[in-house]
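Participant:
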Amino acid sequence: MTSKLKATQRFFDAYWQHERIRKLDSIGLFARSATKKAYALMGGLEGKRVLEVGPGEGLDLKSLSERGAQVFGVDVSSYSLDLSRQMCSQSSLFKMDGESLGFSGSVFDLVFSRTLLMHVDRGIFLRECVRVLKPEGKAIFIEPLKYNPLLLPYRAALSSGRFIEPDYLRPAEIEKMKHVFSSVKVWFYYFVSALGGPFASVIPWSKVLFYPLETIDRALLSILPPLRNLCWISVIECTK
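In terms of full-length UniProt numbering, the sequence shown opens at residue 1 and continues consecutively.
1) Taking the C-alpha atoms as reference points, what is the distance between P225 and Q86?
2) Hey, how far is the Cα of E240 from the Cα of P135?
3) Who are Y189's beta bridge partners in DSSP?
4) Check whether the stretch 170-186 touches the stretch 148-155, counting contact only when three or more Cβ pairs, one atom from each stretch, lie closer than 8 Å.
5) Using only alpha-carbon positions, find the residue among E128, Q90, W187, L41 that is nearest to V53.
6) Among the residues of its own chain, which have a CB less than 7 Å from the CB of H119, if the five just before and after it don't count?
7) When we look at the beta-carbon of V208 and count the other beta-carbons within 10 Å, is it buried (16 or more) or exposed?
8) Going by other Cβ atoms of all chains shown within 10 Å of its Cβ, with 16 needed for buried, is K95 buried or exposed?
9) Over what stretch of residues does the beta strand (DSSP E) that includes R85 continue unbroken?
10) When the Cα of D60 is compared with those of V76, A31, S78, which residue comes out closest?
11) Just checking my contact of G68 with L45 at CB under 8 Å: how many whole Å lie between their CB atoms?
12) Assign Y15 to one of three DSSP states: helix, strand, or coil.
13) What is the DSSP secondary structure of S63, reduced to helix, strand or coil?
14) So, S91 versus S113, is the Cβ gap smaller than 8 Å?
15) Nearest-angstrom Cα distance between F72 and L213?
16) Can you tell me which of V184, A14, I216, F210 puts its alpha carbon nearest to the alpha carbon of L41?
17) Checking 8 Å against the spacing of the C-beta atoms, do R131 and G102 come in under that value?
18) What span of residues does the alpha helix (DSSP H) with F125 cover, start to end?
19) Taking the C-alpha atoms as reference points, what is the distance between S182 and E237?
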C-alpha cells in the first residue's frame, strides 16, 4: 500500500467514527439525480456480481442487493466495512485498496464507486477495474469534479485539519479514460444547484432552493454545454 493510501486509510478510519462529520460531508439525498442516473445505467442486476469500491456506510450495497445483485465491497477502512456489514448483511466485504484488487480476472459484471477516484491513482485503479470486469462489463462512477467555483468555500472548510488532500477529477481526464475502456460516456450534474447541495444536511432551507436550482441547471446546460465543465458531479459509464 502506498503512503497516500495509508494516509487515506487513517483518515477514513477516523472519519467513519464521527457521525456529525459524516453528516456534514455527506453527498446523500441531494445527489439523488446523479444516483438515479447511475442506477439506471446499471440495468437489471438480478444474479449479477457487483463490486463496490469504497462503500462508505453501505447504502449503495444495500440498494444494489435489493435489486437482486450479489454484492461485494472493498475498502481500506475497517470502520467503513463494519458500517457496511451492519447496513447490508448479505454483502461480501474485504479490506483491500482499489489499486490492488485481490480478485481473479473477469469475475464481475459491474464495478461501482462513489467519490473514490479523487483518493486513488486513477490510472492504476481503472486498469484494475478492467482486469476484474467480465467482457463487456461496466464500471460506473459518481465522481465530484474540480472546477465549480461555488464549492470553493465548502471545500476550503472541509480541508481545514485534513491530512489528505482530494485530487478532484478534471473533465479533460474523463476523455483519457477511453485509453483504458472501449467506451466512455459521461453526464454532468449540479452547476448552480451546487449552492444547495453540500449544505443540505446543516442548513434546512438550502433543500428548498436545491430543486428549483436543478431546473435552472438543466436549462443552462442545454443552452451553454461548456458549462458542464463547471458542474459539481459527474456520472461516468465505462464499458470494457
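Ideal placement from N, C-alpha and C gives every residue a C-beta, glycine not left out. Predicted model, so just to flag it, every value in this text is computed and none were measured.
Facilitator: Looking at the coordinates:
1) 42 Å
2) The sequence shown places Lys at residue 240, not Glu. One C-alpha to the other measures close to 6 Å.
3) Note: Y189 sits in a beta bridge opposite I233.
4) no
5) E128
6) T8, P166
7) exposed
8) exposed
9) That residue, R85, is in no beta strand (DSSP E); its alpha helix (DSSP H) goes 78-87.
10) The shortest Cα separation from D60 among V76, A31, S78 belongs to A31.
11) 5 Å
12) helix
13) The answer is helix: DSSP assigns S63 an H, G or I state.
14) no
15) For F72 and L213, the distance between alpha carbons rounds to 36 Å.
16) V184
17) No, they are not a contact pair.
18) 122-132
19) The straight-line gap separating the alpha-carbon atoms of S182 and E237 is approximately 11 Å.
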